[in-house]
Ligand SMILES: C[S@@+](CC[C@H](N)C(=O)[O-])C[C@H]1O[C@@H](n2cnc3c(N)ncnc32)[C@H](O)[C@@H]1O
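Numbering (my numbering), first residue to last: 188 to 438.
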């Protein structure tokens, strides 16, 4: 039928109930345009192609799976982009939803791409390694609160929907998985620029055990760093705290 390529994170869903649960979660919000990342053997795709009144597209890197999908699901012809998701531009002119049992080797890059495309991405229903999914959803004070938590939560509300055990996949991955939903959080906090925000958050968490003062020394004027606020550590700061701090960074 086809081979499974570990290098492309190919763990295909074999549990039909999990596939249906993902599609049900997707339908809880109105969607008109849908992009599936990594349709693979079509476990989710076969349901997605049946959704009424939706313009569907998918992007798959593996040529063998592209041929397989086009032969098995004629309805997908003309809707399947044979490229890396990381290399494409938004395939719609208007906001769309992103769905996928994502290849885990590029989870973080997928999240960064969502941020680059925002506000074109109006929602995401995605399967990640559980640890990554939990990190995206984590709040201040948690050990797993980090760069992706802050960057994503500045723009999206994150809901952790459900766990998926290794046995739901062929071949089973070594770790648990989790499905999350991202929806725009309304009003992103005021910040000087997204570029500054990203630099600050990455720099602060790069040395998360240090005080903020020591972690971000190079990117703030020395006088600003004297404030007691900088005695805190990155993991104690809220998304709004990070956004507000961007206005005090070096120009
Ligand atoms: C975890 S599998 C999911 C397959 C299928 N959706 C399922 O649930 O059974 C990830 C899929 O993403 C594809 N993939 C890996 N890297 C990709 C990339 N950079 N761009 C697009 N697809 C990619 C893999 O070939 C694979 O089909």
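For every residue, glycine included, the Cβ atom is placed at its ideal position computed from N, Cα and C.
Q. Mind checking whether the beta-carbon of residue 353 lies closer than 6 Å to any heavy atom of ligand 1?
A. no
Q: In the DSSP assignment, find the unbroken beta strand (DSSP E) run with residue 270 in it and report its ends.
A: That residue, residue 270, is in no beta strand (DSSP E); it is neither H nor E in DSSP.
Q) Shortest alpha-carbon distance to residue 136 belongs to which of 203, 424 and 246? A) This structure does not reach residue 136, given that the chain is present from 188 up to 438, and the question cannot be answered.
Q: Taking only heavy atoms of ligand 1 into account, decide whether any of them is closer than 6 Å to the Cβ of residue 272.
A: yes
Q. Pairing CB atoms from the region 280–294 with CB atoms from the region 255–262, are three or more of them under 8 Å?
A. no
Q. Residues in its own chain within less than 6 Å of residue 402 by CB, not counting five upstream and five downstream?
A. 391 and 394
Q. Can the beta-carbon of residue 331 be found closer than 7 Å to that of residue 325?
A. yes
Q.
As a quick exercise: from 333, 321, 432 and 412, pick the residue whose alpha carbon is nearest that of residue 381.
A. 432
Q: List the DSSP bridge partners of residue 220.
A: 242
Q. Going by Cα to Cα distance, which pick from 429, 413 and 420 is closest to residue 386?
A. 429
Q. Does the distance from the C-beta atom of residue 347 to that of residue 369 stay below 7 Å?
A. no
Q) Leaving out five residues before and five after residue 287 in sequence, what residues of the same chain have Cβ atoms less than 6 Å from its Cβ? A) 223, 224, 225 and 313
**Q.** Bridge partners - residue 344, DSSP secondary structure assignment
**A.** 370
Q. What do you reckon, is the C-beta of residue 198 under 6 Å from a heavy atom of ligand 1?
A. yes
Q) Are the Cβ atoms of residue 228 and residue 272 separated by less than 7 Å? A) no
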